[in-house]
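Right, one structure below, let's go through it.
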Amino acid sequence: GGGCHGGGGMHHGGGGADDIAKWVHGNRAHVAPITDDAGSSTSSPVADLPVVASPVVVDTDSSTSSPVAQLPVNAATNGPATASPGATADVNSAAAVSNDAVPANIQAMLTALNASRALEGKAPLTLDPEISKLAQAHSDDMQAKQSMFHNSLADILATGSMGAAQNVTGAGFDAEAANAAFYNEKNDPNGEQGHYKNMIGDYTKVGIGVSADGRWTLDFAK
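Next up, the structure:
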């Protein structure tokens, strides 16, 4: 673990980490002509993710290296969601979009995520089963490779989404702590705040996956 950008704490963009490090990654993609920079909180260079399906533009930025607060060692989150007609910023209604088949830890992440969005006046995201399968597959892949990294967002966009973003973590996070780590980027005046921007972005759905060892993937879409 650790608490500095690029040195063992929050991490946004591409790259990886060893199994015991507690990392958080974020990435965003938009259909052209939107080319927002999701920002990054790593001080080391990262390779841009491949542009898989034109006109999709995937952008990672790694320009900051300022310290951030220590992360708890037991939190992480990830996931896509579908749009909910007439959705409001009410957290209870956000939780209601899921069903009994949703695992408790995934529901906990969705609830925490939508509570954070409500604080910013944003409508809740709905849990998208199809995108959640993609998120789960990525979390399982990270565990299998004992690493943390982004994958292409092309598969999310292929579901018909007009924009997508991704936040991921390393091993050992629970839902609430991972969500708090993302949200607390808001208070980092020198950071790019990429994970925070992703979680409160104008998305309508989210896919959430988590591996057995606590590696989360959140795939945001609209």
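-8 is the number of the first residue of the sequence shown in this note's numbering; add one for each residue after it.
For each residue, glycine too, the CB sits at the ideal point set by N, CA and C.
Bear in mind the structure is a predicted one, so any value in this text is a computation, not a measurement.
According to DSSP, residues forming a beta bridge with residue i
i: I199; result: L209
i: L118; result: V197
i: D204; result: According to DSSP, which records beta bridges pairwise, D204 is partnered with nothing at all.
Residue i vs residue j beta-carbon contact at 7 Å
i: L125; j: N158; result: no
i: L104; j: N175; result: no
i: E183; j: T150; result: no
i: A166; j: N96; result: yes
Cα-Cα separation, residue i to residue j
i: K213; j: G198; result: 11 Å
i: R108; j: F211; result: 13 Å
i: V201; j: A155; result: 18 Å
i: D204; j: A145; result: 26 Å
i: W207; j: K113; result: 22 Å
i: P94; j: G185; result: 27 Å
i: A92; j: S123; result: 13 Å
i: F214; j: D179; result: No answer is possible for residue 214: the residues shown for the chain start at -8 and end at 213.
i: T195; j: A168; result: 23 Å
i: S143; j: M153; result: 15 Å
i: H141; j: F164; result: 17 Å
i: T102; j: T160; result: 18 Å
i: M100; j: L148; result: 22 Å
i: E111; j: K177; result: 11 Å
i: M133; j: A106; result: 27 Å
i: Q98; j: N181; result: 32 Å
Start-to-end residues for the alpha helix (DSSP H) that takes in residue i
i: T102; result: 95 to 110
i: K113; result: Taken as a continuous stretch (DSSP letters only), K113 belongs to no alpha helix (DSSP H), as it is neither H nor E.
i: H186; result: 185 to 190
N- and C-terminal bounds of the beta strand (DSSP E) containing residue i
i: A149; result: No beta strand (DSSP E) contains A149, which DSSP labels as neither H nor E.
Item to complete: Tell me, please, whether the segment 131 to 145 touches the segment 111 to 122 by the rule of three or more beta-carbon pairs shorter than 8 Å.
Response: no
Discussion item. If contact is defined by three or more beta carbon pairs under 8 Å, each pair taking one atom from either stretch, is the segment 127 to 134 in contact with the segment 186 to 194?
Written reply: no
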